Every structure is written in structure tokens, then in C-alpha cells.
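Asker: Got a structure for you, questions after.
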Amino acid sequence: MPDQNGSDHDRQEDIRKVAKILREGNYSYDQSAHLIKEARREVALSPPDRSGSGSPERLSSEEQEAFLNAAYDRDGRTGLMMRVLLETGAG
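If you want it as C-alpha cells, here you go:
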């Protein structure tokens, strides 16, 4: 399958080559991470922009209260389930 540059470069083969270098060099995790970082710098690759990722925004106290009230209005079981999810951080 052609890569984004249009060549039929074998990425799996490249992965095997890099793995072989790391294995034969007996690098630790930290050393291999540093090696990969330096290799990226050498070829001017920058990490992807992850500024949009991360934790979702939390509900305000008022929003949370309104949500729980609506859940309890539906029925007590739903309200209790939503309260548990919110208070444990699972929801």
C-alpha cells in the first residue's frame, strides 16, 4: 500500500529494523525513548499537536444538580445510578 508520499515503502519492515537495532543495542526503555526522540529531531519530525486532547470539561455544580434532578424525576433508580456514576468519576 502506498504511503502518503506515494511510495510502496514497507513500514512493517522498517519497524522490524528499528526493533532489531533497539534489541541488539540492549537499550533500556528510557534510552530507547531518547534514541527515538533524537532520531525524530535529526529528520525534523515534530510530534502531533495534541492540544485538543485531554480530559473532557466537567459539569458545573449547577449543571450537575440539574442533571441529577432530571434523572431523579425520571425515576429514583435512574437518579441513583447517575449519582453513583458522577460521584465515582465513571460518568
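Numbering (the numbering used here), first residue to last: -13 to 77. Here a beta-carbon is modelled for each residue, glycine too, at the ideal position from N, C-alpha and C. Since the structure is predicted, the reported quantities are computational estimates derived from the model, not experimental observations.
Grouping DSSP H, G and I as helix and E and B as strand, with all else coil, what is Y58?
Answerer: Residue state, collapsed to three classes: helix.
Asker: If you draw a straight line from the C-alpha of S18 to the C-alpha of E24, how long is it?
Answerer: Going by the C-alpha atoms only, they are around 10 Å apart.
Asker: Exposed or buried, what is A57 when buried is set at 16 or more other beta-carbons lying within 10 Å of its beta-carbon?
Answerer: Counting Cβ neighbours within 10 Å, A57 comes out buried, since at least 16 surround it.
Asker: Among A76, A5, A52, E10, which has the Cα closest to the Cα of P42?
Answerer: Ranking the options by Cα distance to P42, first place goes to A76.
Asker: Have a look at I7, M68, R26 and flag the residue whose alpha-carbon is nearest the alpha-carbon of Q50.
Answerer: Out of I7, M68, R26, M68 has the C-alpha closest to the C-alpha of Q50.
Asker: Have a look at E48 and S37 and give me their C-alpha separation to the nearest angstrom.
Answerer: Going from the Cα of E48 to the Cα of S37 covers about 27 Å.
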